[in-house]
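What follows is a short report on a single structure.
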Amino acid sequence: MVKKPKFQSPTGMHDILPEEQKYFQRIYKVSENIANFYGFKKIDTPILEETELFLKGIGIATDIVGKQMFTLRTKGGDYLTLRPELTAPVARAYLQHGMFNLPQPVKLWYFGPCFRYEKPQLGRFRQFWQLDFEIFGEKSPLIDAQIIQIFYNILREIRLKNLIIKINSIGDSQCRPYYKKLLTSFFRSREAALCSDCKRRLRENPLRILDCKEEKCRSLISRAPQMLDHLCEECHNHFREVLEFLDEIELPYHLDPYLVRGLDYYTKTVFEIYEESETGRTQGALGGGGRYDGLVKLLGGKETPACGGAAGIERIIGVMKEKGMKFLESAPPKIFLAQLGPLAKRKSLKILEDFRKQRILISESLGRDSLKAQLSRANKIGVKYVLILGQKEALEDTIIIRDMATGRQEIVKLEKVVKEVEKRLKK
RNA sequence: GUGAGAUUAGUGUAGUGGUCUAGCACGACAACCUGUGGAGUUGUCAGGAGGAGUUCGAAUCUCCUAUCUCACCCCA
């Protein structure tokens, strides 16, 4: 009678079990290749950052900062927070290590866990992995398009087919405050017609009203002023060029004038990528991002244009699983070493080493003494050949090579066994 | 944070107050065969999420807690 385990993983945080690893590895591999191709360098930052970094970077009024951060106080009295996203930490690293002195732009990519205190749901966890690409020090709209292209390519490479890119421009410090005022006064004069959620949004985050799905709000929204019509000249031109570049590389985007994002640092271009689900399950955006020309300065650096994006690994995996995508297991060993008796057992370790030096995968079950059990295990693994080293063979410095398919066995000199196996595997 | 539904061996499930000593399938381990695998047979392992209550009696009804799922909110 085994006791029920007392402990379980915390709410919304999961073990990534061996079966799950191949999904992570696949996404990692694809990302790594694409990162290398586009000249991105890998970076890792601490999981904890000063709380202040996120207050400043993401914005105090955002949901992420307002209610989703895991924050702790150190014995020294500092406030640290489990990072809820990667852009601010990477921007911090860019500054801290003087990367503004490197040839610009600086391109960095990241693969790691983030934390948000939320109610878990489909594709939403308290610990989740993000894939992140950032470019610092380049203001050209070409870069915006390239970031989008990179995420699109990664998802395509993972063989997601029905991708939709939503894109919008939310202006910059020149034009957005004015638009916000315009929008607020538009809705305020019509507040009575809004749903109760939107009445609240009107005070907290008027931009989000644009996202409301309520029927009565929708008709109002369609008559509301749009950011795109109120971009300053610079933002307008920038956005037009981004779209032209996207046309050029033939990415299927969808202009969404109501797309707004939950982090304050975004300026100009914002985008999200969705997968059109066949089963109607929706787990939110697979990825998203945009330009954040103000962030580096906000964190104490020089005026530094930048652009980037992130994708949610678990969400991508969710789609992969929904589509029933299977992977080839990494090639299982084709050789198994079975041993019988103390002398054979002692020689086994050395034999395993000989195979390792030749980079031949070999499996064993040294803990088992019965030959039958070992063969049964070998069979389960599906190896081609079993090397049988019994008492007699160990004494004579020979070993049996058994072909598992035919059952044929051959005795060879122990010192030749690696060569013999190599020969057979080549056939 | 609000609302709804769920939770039975490692996995997938059956069972709607007594017939439950909780059944089945996969699994793991072992024996038949103490130096030869796949099949078979047999055996073993392993479960009511946790706690309280109602009842003569609870896996089954009620409540609390936890977790999962769904919706809101928001986002990756």
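With my numbering, the residue at position 270 of the first sequence is 1591, and numbering never jumps. Ideal Cβ positions, reconstructed from N, Cα and C, are used throughout, including at glycine.
Which residues in the same chain have their Cβ closer than 7 angstroms to the Cβ of residue i, if we skip the five residues on either side of it in sequence?
i, result
"threonine 1332", "Pro1441 and Arg1447"
"leucine 1572", "Ile1469, Gln1470, Tyr1473 and Ile1486"
"threonine 1625", "Phe1421, Phe1457, Gly1458, Val1617 and Lys1618"
"histidine 1335", "Phe1446"
Between residue i and residue j, how many whole angstroms is the CB-CB distance? I'm expecting something under 8 angstroms.
i, j, result
"isoleucine 1594", "leucine 1607", "5 angstroms"
"phenylalanine 1454", "glycine 1630", "6 angstroms"
"tyrosine 1473", "isoleucine 1486", "7 angstroms"
"leucine 1692", "alanine 1665", "Contact flag wrong, Cβ pair sits at about 10 angstroms."
"proline 1410", "phenylalanine 1566", "About 28 angstroms; that fails the 8 angstroms criterion."
"valine 1733", "glutamate 1743", "At roughly 12 angstroms, the Cβ-Cβ gap does not stay under 8 angstroms, so valine 1733 and glutamate 1743 are not in contact."
"valine 1739", "glutamine 1679", "5 angstroms"
"isoleucine 1722", "glutamate 1714", "Not really, about 11 angstroms apart at Cβ, beyond 8 angstroms."
Quick one: what's got a C-beta closer than 6 angstroms to residue i's C-beta in the same chain, skipping five residues either side?
i, result
"glutamine 1342", "none"
"alanine 1699", "Phe1657 and Val1707"
Which residue comes first and which comes last in the beta strand (DSSP E) that contains residue i?
i, result
"isoleucine 1485", "1484-1490"
"valine 1707", "1706-1710"
"serine 1684", "1683-1685"
Apart from the five residues on each side of it in sequence, which residues of its chain come closer than 8 angstroms, Cβ to Cβ, to residue i?
i, result
"tyrosine 1499", "His1551"
"proline 1749", "Outside the modelled stretch of the chain, which goes from 1322 to 1748, sits residue 1749, for which no answer is possible."
"arginine 1539", "Cys1533"
"isoleucine 1379", "Ile1385, Val1386, Pro1405, Glu1406, Ala1409, Leu1584, Asp1585 and Tyr1586"
"lysine 1324", "The predicted model places lysine 1324 with a pLDDT of 41, which falls under 50 and marks its position as unreliable, so this point remains unresolved."
Along the chain, where does the alpha helix (DSSP H) that runs through residue i open and close?
i, result
"valine 1738", "1738-1747"
"valine 1427", "It is not in any alpha helix (DSSP H) - valine 1427 instead sits in the beta strand (DSSP E) that spans 1427-1436."
"leucine 1658", "Note, leucine 1658: premise wrong, no alpha helix (DSSP H); beta strand (DSSP E) at 1656-1660."
"arginine 1561", "1554-1569"
"serine 1352", "1339-1358"
"arginine 1522", "1517-1525"
"aspartate 1675", "1663-1678"
Between the options, which has its C-alpha nearest residue i's C-alpha?
i, options, result
"threonine 1383", "Arg1394, Pro1424 and Asn1526", "Asn1526"
"glutamate 1371", "Gly1380, Leu1403, Gly1360 and Asp1365", "Leu1403"
"leucine 1452", "Glu1459, Ile1464, Trp1430 and Leu1463", "Trp1430"
"leucine 1716", "Gly1611, Leu1735, Val1704 and Arg1698", "Leu1735"
"serine 1669", "Arg1677, Cys1519 and Leu1687", "Leu1687"
"arginine 1667", "Ile1683, Gly1711, Ile1638 and Pro1339", "Gly1711"
"glutamate 1597", "Arg1680, Tyr1613, Leu1620 and Glu1643", "Glu1643"
"proline 1432", "Thr1505, Lys1363 and Lys1377", "Here residue 1432 turns out to be phenylalanine, not proline, going by the sequence shown. When only C-alpha atoms are compared, the closest one is Lys1363."
"leucine 1564", "Ile1542, Gln1389 and Lys1589", "Lys1589"
Is residue i helix, strand or coil by DSSP?
i, result
"alanine 1631", "strand"
"aspartate 1365", "coil"
"glutamine 1467", "helix"
"lysine 1617", "Residue identity check: residue 1617 is valine in the sequence provided, not lysine. In this structure, valine 1617 counts as helix in the three-state DSSP scheme."
"phenylalanine 1508", "helix"
"valine 1581", "coil"
"threonine 1383", "coil"
"lysine 1324", "Low confidence applies to lysine 1324: its pLDDT is 41, below 50, so where it sits in the model is not reliable, and the reading given next is rough at best. In the structure shown, lysine 1324 sits in coil (DSSP, three-state: anything other than H, G, I, E or B)."
"threonine 1776", "The structure shown does not extend to residue 1776, since the chain is modelled only from 1322 to 1748, so the question has no answer here."
"arginine 1688", "Before going further, note that residue 1688 is glycine rather than arginine in the sequence given. Coil."
"lysine 1537", "helix"
"glutamine 1495", "coil"
"arginine 1729", "coil"
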